[in-house]
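Here is the structure we will look at, set down as structure tokens.
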Amino acid sequence: EAGVAQSPRYKIIEKRQSVAFWCNPISGHATLYWYQQILGQGPKLLIQFQNNGVVDDSQLPKDRFSAERLKGVDSTLKIQPAKLEDSAVYLCASSPTGPKPTDTQYFGPGTRLTVL
Amino acid sequence: SQQGEEDPQALSIQEGENATMNCSYKTSINNLQWYRQNSGRGLVHLILIRSNEREKHSGRLRVTLDTSKKSSSLLITASRAADTASYFCATVGNQGGKLIFGQGTELSVKP
């Protein structure tokens, strides 16, 4: 079974530029998550989708971040404009059903963003 | 926001020794999970312990949960160099699957 795919793996941009990340979850997984992991910290949930609907986006900075999951499969996360503090690893995860408390989440390798 | 704290922040041991990491959290939970993250990689789920369980084993891993103290510990027995990674605890509430992670413990196992 293929895992969660993310691209690009690395991205370097200047502040105020825009950037987009792509995630392809495990086939058939209903729930998709985007996390932000700042260096030295644990991941923080940005947004959670079930199929193509948003379940939780309470910690998404909506003035600059947006995300969509068209057709309930792939997802993109966009930052526009980027700030220095957005430098982090952006992790995508998926789970088979849910969102249920006991679901196991499967993580992709992440996209490391550096904002100069 | 982070749920709680992990202790220690960093741990260095010799191969064959046991490693113990602790996690504290603040709110009531449905379950607590432990994840491993190798440098520059995604997270891998290790084990889940439900709020009504006190101890769980999986291979060389032993997890305990004390809901009265809002704390958990992860024990890795007979550690190997390949166990070198960061370890995170994450709590899940009773609604949905949202993981709230701790700060992590960086484990280094020297051959």
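In the order they appear, the protein sequences are chains A and B. Following this note's numbering, the numbering of the first sequence begins with 1 at its first residue and continues without gaps. Following this note's numbering, the numbering of the second sequence begins with 117 at its first residue and continues without gaps. We treat Cβ as the ideally placed atom computed from N, Cα and C, and that holds for glycine.
Arg9 of chain A classed as buried or exposed, judged by whether at least 16 other C-beta atoms fall within 10 angstroms
By the neighbour-count definition (other C-beta atoms within 10 Å, threshold 16), Arg9 of chain A is an exposed residue.
For Val54 of chain A, which residues of its own chain have a beta-carbon under 7 Å away from its beta-carbon, when the five flanking residues on both sides are left out?
Result list for Val54 of chain A: Ile47, in chain order.
Between the CA atoms of Leu159 of chain B and Ser95 of chain A - distance to the nearest angstrom
If you draw a straight line from the Cα of Ser95 of chain A to the Cα of Leu159 of chain B, it comes to about 13 Å.
Considering only the beta carbon of each residue, do Phe118 of chain A and Leu70 of chain A sit closer than 7 Å?
Here chain A has residues from 1 to 116 only, and residue 118 of chain A is not among them.
Is it true that the CB of Leu127 of chain B sits closer than 7 Å to the CB of Leu223 of chain B?
Yes, these two residues count as a Cβ contact at 7 Å.
Quick one: Cα of Ser117 of chain B to Cα of Ala82 of chain A, how far?
Residue confidence for Ser117 of chain B is low, a pLDDT of 47 falling below 50, so the modelled location carries little weight; the figure read from the coordinates is stated next. Distance between the alpha carbons of Ser117 of chain B and Ala82 of chain A: 21 Å.
Closer than 8 Å by C-beta to Lys15 of chain A: which residues in its own chain qualify, once you throw out the five before and the five after it? Chain order, please.
Cβ within range, chain order: Pro81, Ala82, Lys83, Leu84, Val115 and Leu116.
Which residue comes first and which comes last in the beta strand (DSSP E) that contains Val160 of chain B?
Unbroken beta strand (DSSP E) run through Val160 of chain B: Leu159 to Arg166.
Alpha carbon to alpha carbon, how far is Gln36 of chain A from Thr207 of chain B? Give it in angstroms, no decimals.
In this structure, the CA atom of Thr207 of chain B is about 17 Å from the CA atom of Gln36 of chain A.
Skipping 5 residues on each side, what residues in its chain have a beta carbon closer than 8 Å to that of Asn134 of chain B?
The beta carbon of Asn134 of chain B lies closer than 8 Å to those of Leu191, Ile192, Thr193, Ala194 and Ser195 in the same chain, with the five residues before and after it left out.
What does Asp86 of chain A touch in chain B if you count any residue whose Cβ is under 7 Å from its own?
The premise fails here: Asp86 of chain A is roughly 18 Å from chain B at the closest Cβ pair, so nothing lies under 7 Å.
Please confirm if Gly175 of chain B has its CB atom under 7 Å from at least one CB of chain A.
With 7 Å as the cut-off, Gly175 of chain B does not count as an interface residue toward chain A.
Assess, as a yes-or-no matter, whether the region 92–108 of chain A is touched by the region 168–187 of chain B under the definition of 3 or more beta carbon pairs within less than 8 Å.
Judged by pairs of C-beta atoms under 8 Å, the region 168–187 of chain B does not touch the region 92–108 of chain A, as fewer than three such pairs exist.
Could you pull out every unbroken beta strand (DSSP E) segment of at least 3 residues lying fully inside the region 157–220 of chain B, listed in chain order?
List check, beta strand (DSSP E) in window: 159–166, 171–174, 177–182, 187–192, 201–208 and 215–217.
To the nearest angstrom, how far is it from the Cα of Lys142 of chain B to the Cα of Glu121 of chain B?
Looking at the two C-alpha atoms, the distance is approximately 9 Å.
Local conformation of Glu68 of chain A per DSSP, three classes
Three-state result, Glu68 of chain A: strand.
Using a beta-carbon distance below 7 Å, is Gly72 of chain A in contact with chain B?
No, Gly72 of chain A lies away from the interface with chain B (no Cβ there is under 7 Å from its Cβ).
Pull up the DSSP beta-bridge partners for Val225 of chain B, would you.
Per the DSSP secondary-structure output, Val225 of chain B pairs in a beta bridge with B:Ile129.
Quick check on this structure: which residue in B:Ser155, B:Gln153, B:Arg178 and B:Ser184 has the alpha carbon closest to the alpha carbon of Asn168 of chain B?
For the options B:Ser155, B:Gln153, B:Arg178 and B:Ser184, the alpha carbon positioned closest to that of Asn168 of chain B is the one of B:Ser184.
Return the first residue and the last residue of the beta strand (DSSP E) that Val115 of chain A is part of.
Following the DSSP letters along the chain, one finds Val115 of chain A inside the beta strand (DSSP E) bounded by residues Thr111 to Val115.
Alpha carbon to alpha carbon, what distance is there between Asp199 of chain B and Ile38 of chain A?
The C-alpha of Ile38 of chain A lies about 22 Å from the C-alpha of Asp199 of chain B.
Which same chain residues, not among the five before or five after Val225 of chain B, have their C-beta less than 7 Å away from its C-beta?
Counting only Cβ-Cβ distances below 7 Å, and skipping sequence neighbours, we find Ile129, Glu131, Ser195, Arg196, Ala197, Asp199 and Thr200.
Which residues does DSSP pair with Val19 of chain A in a beta bridge?
BP columns for Val19 of chain A point to A:Ile79.
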